[in-house]
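K.L.:
In our numbering, the protein residues as written are 41 to 329.
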């Protein structure tokens, strides 16, 4: 019989004597399972195999930190310099995650959709990839997970993530199709040194583990948290009262070029401004009889 209650959850349950996580006692998980196993259990709803745990562990170690070249880290440090709060810094970093940085869900959806297209085609994988690449070029679509501003040819993080997944038998057919599209992409003139980046490899592996694309972004964020905590702690210890971008690093308007407000308003049809009168001044507290 289906419940009519407003909330429903299968994630955990509370009793007077214990807490259970997906049916397992939290007391047993504490000390009885690694953090990676618990993460898999919570999100997927089942315990991982040793192979799945090793691959997920690689995922959680893959984007621990990237210096001050990651927008989320910079956002966190700017935020914490003004508001000395660990929670505020972590929240600021989360808000900097999106299509162009860290979020794996865009590549994850592309991988799933492209694999489904391949399964519905009658082409071999390389022919399909070339046809798909031609379609994407015609539509002028950016392929998520391809390219990196620093790494050329190979992104070492992506290569390591892939190699561990292959060793454990968790590099899926969908990931193979994604790689075929990448081969078709790098066959284009001027694209030869474009790698699959860490986000693309993460998306492929996370999909192979059975997580949704959106869960993948959550896992990528989880991977960055230790680095973020370290940066936020370092910023707090620095005790800089506020972070600003130095004036010499910004192209500002000429400060001597001042516009006349009254003339600009008149040109737009505003009536002339009335001079301030006693009645237009903010009232002060009046004596009450």
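A virtual CB, placed ideally from N, CA and C, is assigned to each residue, including glycine. Predicted model only: the values in this text are computed from it and were never measured.
(1) I need the DSSP call for residue 185, collapsed to helix, strand or coil.
(2) Leaving aside the five residues before and after residue 66 along the sequence, list all residues of the same chain whose C-beta is less than 6 Å from its C-beta, in chain order.
(3) What do you get for residue 246, buried or exposed, if any count of 16 or more other CB atoms within 10 angstroms of its CB means buried?
(4) Can you round the beta-carbon distance between residue 155 and residue 217 to whole angstroms, since I take them to be within the 8 Å contact cut?
(5) So the candidates are 193, 248, 208 and 238; which of them puts its Cα closest to the Cα of residue 225?
(6) Taking all protein chains shown into account, do 16 or more other C-beta atoms lie within 10 angstroms of the C-beta of residue 52, making it buried, or fewer, making it exposed?
(7) Rounded to the nearest angstrom, how far is the Cβ of residue 116 from that of residue 104, given a contact under 8 Å?
(8) Taking residue 263 as the reference, give the member of 150, 159, 143 and 68 with the closest Cα.
(9) Compute the beta-carbon to beta-carbon distance between residue 96 and residue 80, rounded to the nearest angstrom, for a pair I have assumed lies under 8 Å.
(10) Does the Cβ of residue 46 have 16 or more other Cβ atoms within 10 Å, making it buried, or fewer, making it exposed?
(11) Going by the CB atoms, is the gap between residue 184 and residue 147 shorter than 7 Å?
(12) Compute the Euclidean distance between the alpha carbons of residue 138 and residue 299, then round it to the nearest angstrom.
(13) Would a C-beta distance cut-off of 7 Å place residue 241 and residue 202 closer than the cut-off?
(14) Under the DSSP definition of a beta bridge, which residues are partnered with residue 138?
P.N.:
Per the coordinate set shown:
(1) coil
(2) 59
(3) buried
(4) 5 Å
(5) 193
(6) exposed
(7) So it is not a contact: roughly 14 Å between Cβ atoms.
(8) Measuring C-alpha to C-alpha distances from residue 263 to each of 150, 159, 143 and 68 identifies 143 as the nearest.
(9) 6 Å
(10) exposed
(11) yes
(12) 38 Å
(13) yes
(14) 141 and 142
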